[in-house]
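**Q** Residue numbers (numbering that gives the first Met the number 0): 0 to 387.
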Amino acid sequence: MVSVALIVLIVLWIIIQLINSKSFEKRGIERSLLTLIFRSKRGIEAIDRTAKKREKVLRRIGTIAAYISVPLMILVFISLFLSASHILQTPNAPPGVAPLLPEGLVEIEGAPSIPLAYWLIAVISLLMVHELMHGLLARVEGIPIKSLGIFSVTFLPLGAFVEPDEEVLETKSYMAKMRVYAAGSMGNFIGALAAGLTLLLMMMVVAPLVFTTQGIVIQNVTTGSPAEFAGISVNQTLLGIGTVDIGSISDFRDAVTQLEAGSPISVATSAGTYNVVPEGREGYKQGFIGIAVVADVAVKSYIAGTVDEKRVFSIYGVVVEGLYWVAILNFLVGLTNLLPIIPLDGGRMFALLMERAAPKSHKNITTVIYLALLVLVFINAGPLFGLF
């Protein structure tokens, strides 16, 4: 089934293709059948100013990035190798790599997807920090920037770029080049850390100030479990287990760790008190009764009047999920970018390393590694297309 969003994008793209190409050229936009490339000199002066003001700090960050990128590159390569080995040895194994797609636009069975809005926010953020760091380190190393730009397939941003003067870049030292190439992934790791810490702050500081727990609600009762046989059902508020009063998730955890298989225990809920006999489960020391719970959360009231709880929950949820995807995508893209293959930054760094370590045979070594990596990626992606 074709989504409405996809139809709208196709119609808009057809309109774009019908517009005279000179209109795009005047605005520094390159158009092809499937892509748009936006080039601009705006922002270069701001990058220059920041690079001058923070030169020492940025150079240190670039040096750290260069040193940590090499072991991370090796770890990513090893993880792909191990994943490929698992796929070849295990029938119906899940893919080792898969694109994270925007929901409703592109769907591949077995590939994860997230809502389009979160996808766009995360992708735009990771492109910005990635290329900003490249630009800053280029200027710190005295490399002029020709232009800044965004590369998109239809209207979906799939890449951004800082266009340095390649001739000047080639004249720079080994370490200067490594700093510039490693800066992008470092920018993504910094972006992931910033989003992750903000998310943690939201959950540990903001949430307790805004929300309050009204009780613990039974969310699920396992079929055939002691709880089901006793008559417990979902949506009941859990009040106590044995002698433990339940007012929080931690209370529930404490109570279930004390359960003994075969020893009857009372479970108090908003619907009444039930006599439950926990059963033994292989691999578990404590008894099992078969209920899953969730906190019943409400918005705290600091002022008189009514509060639109749905709106508060919605805003908080959107911010939290947005931060989550920004952190995840920045981290994953930062790692992926370190793969030792051109045109990724990891490929450029690997070529520099080999040229330095094996001047006479570096081209043959890099070619072999590139081919090996392509084979590993093919095997890891194979299950997406019914292979292996």
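C-beta: ideal position from N, C-alpha, C; glycine also. Computed from a predicted structure; not experimentally measured.
On the DSSP bridge assignment, give the partners of Phe287 in chain order.
**A** In the sequence shown, the residue the question calls residue 287 occupies position 288. Answer is Glu278.
**Q** Can you give me the C-alpha to C-alpha distance between Arg41 and Leu383, rounded to a whole angstrom?
**A** Residue numbering aside, residue 41 sits at position 42 when the sequence shown is read from its first letter. Residue numbering aside, residue 383 sits at position 384 when the sequence shown is read from its first letter. Roughly 41 Å between the two C-alpha positions.
**Q** Please name the residue in Leu258, Glu227, Ile142, Ser146 whose C-alpha comes closest to that of Arg38.
**A** Taking the first residue of the sequence shown as 1, we reach residue 38 at position 39. Nearest option by C-alpha distance: Ser146.
**Q** Starting from Asp244, follow its DSSP beta bridges and name the residues at the other end.
**A** As a first step, residue 244 is located in the sequence shown; it is residue number 245 there, counting from the start. Its beta-bridge partners are Gly239.
**Q** Per DSSP, which one or two residues make a beta bridge with Glu162?
**A** As a first step, residue 162 is located in the sequence shown; it is residue number 163 there, counting from the start. DSSP output for Glu162 lists Ser146 as bridge partner(s).
**Q** Please go through the same chain and pick out, in chain order, the residues whose beta-carbon is closer than 7 Å to the beta-carbon of Ala270, but skip the five residues on each side of it.
**A** Numbered from 1 along the sequence shown, position 271 holds the residue referred to as residue 270. Contacts found: Gln235.
**Q** Could you name the residues of the same chain whose beta carbon sits closer than 8 Å to that of Ala97, not counting the 5 residues immediately before and after it, in chain order?
**A** On the sequence shown, residue 97 is found 98 positions in, with the first residue counted as 1. Same-chain partners within the cutoff: Ile107, Gly109, Ala110, Pro111, Ala380, Leu383.
**Q** Do Met132 and Leu337 have their C-beta atoms closer together than 8 Å?
**A** Residue mapping note: residue 132 aligns to position 133 of the sequence shown, counting from 1. Residue mapping note: residue 337 aligns to position 338 of the sequence shown, counting from 1. No; because the gap between Cβ atoms is not below 8 Å, this pair is not in contact.
**Q** Using a Cβ-Cβ cutoff of less than 8 Å, which residues in the same chain neighbour Ile63 once the five nearest sequence positions on both sides are dropped?
**A** Start at 1 with the first residue of the sequence shown, and residue 63 comes out as number 64. Cβ within range, chain order: Met185.
**Q** Hey, is the segment 255-268 in contact with the segment 225-239, meaning 3+ C-beta pairs nearer than 8 Å?
**A** These segments touch.
**Q** Within 10 angstroms of the Cβ of Arg355, are there 16 or more other Cβ atoms? Answer buried if so, exposed if not.
**A** Here the question's residue 355 lines up with position 356 in the sequence shown. When all chains shown are included, Arg355 counts as exposed.
**Q** Which two residues bound the contiguous beta strand (DSSP E) that contains Ile364?
**A** Here residue 364 refers to the residue found at position 365 of the sequence shown. Unbroken run through Ile364 is the alpha helix (DSSP H), 361-380; no beta strand (DSSP E).
**Q** Exposed or buried, which one is Tyr66 when buried takes at least 16 other CB atoms within 10 Å?
**A** Along the sequence shown, read from residue 1 onward, the residue named residue 66 stands at position 67. Exposed is the call here.
**Q** Grab me the residues of Ala397's own chain with a C-beta within less than 6 Å of its C-beta, minus the 5 sequence neighbours each way, in chain order.
**A** There is no way to answer for residue 397, as the model of the chain reaches only from 0 to 387.
**Q** Would you kindly work out how many angstroms separate the C-alpha atoms of Gly333 and Leu81, rounded to a whole number?
**A** Taking the sequence shown and counting its residues from 1, the one referred to as residue 333 is at position 334. Taking the sequence shown and counting its residues from 1, the one referred to as residue 81 is at position 82. Spanning the two alpha carbons is a distance of roughly 20 Å.
**Q** Should Thr365 be labelled buried (16 or more other beta-carbon atoms within 10 Å of its own) or exposed?
**A** On the sequence shown, position 366 is the one that residue 365 refers to. Counting Cβ neighbours within 10 Å, Thr365 comes out buried, since at least 16 surround it.
**Q** Can we say the segment 193-206 touches the segment 315-330, given the rule of at least three CB pairs closer than 8 Å?
**A** With a cut-off of 8 Å, the segment 315-330 and the segment 193-206 count as touching, because enough Cβ pairs lie within range.
**Q** Can you check which of these residues, Ile113, Tyr180, Ile215, Val255, is closest to Leu237 by C-alpha distance?
**A** In the sequence shown, residue 237 corresponds to position 238, counting from 1. Among Ile113, Tyr180, Ile215, Val255, the Cα nearest to that of Leu237 belongs to Ile215.
**Q** Just grab the DSSP bridge partners of Tyr445 for me.
**A** Outside the displayed range of the chain (0 to 387) lies residue 445, so it cannot be described from this structure.
**Q** Just the C-alpha distance for Phe357 and Asn363, rounded to the nearest angstrom, thanks.
**A** Here the question's residue 357 lines up with position 358 in the sequence shown. Here the question's residue 363 lines up with position 364 in the sequence shown. The residue asked about is misnamed: residue 357 is Ala in this sequence, not Phe. Approximately 10 Å, taken between the alpha carbons.
**Q** Would you mind stating whether Leu87 and Ile368 have Cβ atoms separated by less than 8 Å?
**A** Along the sequence shown, one-based indexing puts residue 87 at 88. Along the sequence shown, one-based indexing puts residue 368 at 369. No, the Cβ-Cβ distance between Leu87 and Ile368 is not below 8 Å.
**Q** Mapping DSSP to helix, strand and coil, what is Ala92?
**A** The count along the sequence shown starts at 1 and reaches residue 92 at position 93. Looking at Ala92 - three-state DSSP - the assignment turns out to be coil, as it is neither helix nor strand.
**Q** Under 8 Å: do the segment 119-136 and the segment 44-51 share three or more Cβ pairs, one atom per stretch?
**A** Flag = yes, the segment 119-136 and the segment 44-51 touch.
**Q** By DSSP, does Leu386 sit in helix, in strand, or in coil?
**A** On the sequence shown, residue 386 is found 387 positions in, with the first residue counted as 1. Leu386 falls in the coil class under three-state DSSP.
**Q** Quick one, which of Met127, Glu281, Val276, Gln213 has its alpha-carbon nearest Gly246's?
**A** Taking the first residue of the sequence shown as position 1, residue 246 is located at position 247. Measuring from the Cα of Gly246, the nearest candidate turns out to be Gln213.
**Q** For the alpha helix (DSSP H) that contains Lys176, what are its first and last residues?
**A** Locating residue 176 in the sequence shown gives position 177, counting from the first residue. Per DSSP, Lys176 belongs to the alpha helix (DSSP H) from 173-200.
**Q** Grouping DSSP H, G and I as helix and E and B as strand, with all else coil, what is Val216?
**A** Residue mapping note: residue 216 aligns to position 217 of the sequence shown, counting from 1. If DSSP states are grouped into helix, strand and coil, Val216 belongs with the strands.
**Q** Hey, Val319 and Gln285: beta-carbon distance below 8 Å or not?
**A** Here the question's residue 319 lines up with position 320 in the sequence shown. Here the question's residue 285 lines up with position 286 in the sequence shown. It is not a contact, given that the beta carbons lie outside the stated cut-off.
**Q** Measure the beta-carbon distance from Ala182 to Gly61 and round it to whole angstroms, keeping in mind my assumption that it falls under 8 Å.
**A** In the sequence shown, counting from the first residue as 1, residue 182 sits at position 183. In the sequence shown, counting from the first residue as 1, residue 61 sits at position 62. Confirmed, about 6 Å.
**Q** Beta-carbon separation of Val167 and Ile142 under 8 Å?
**A** The residue you call residue 167 lines up with position 168 of the sequence shown. The residue you call residue 142 lines up with position 143 of the sequence shown. Yes, the Cβ-Cβ distance between Val167 and Ile142 is below 8 Å.
**Q** Measuring alpha carbon to alpha carbon, tell me which of Arg252, Ile240, Ile341, Ser84 ends up nearest Tyr273.
**A** Counting from 1 along the sequence shown, the entry for residue 273 is found at position 274. Tyr273 has its Cα closest to that of Ile240, out of Arg252, Ile240, Ile341, Ser84.
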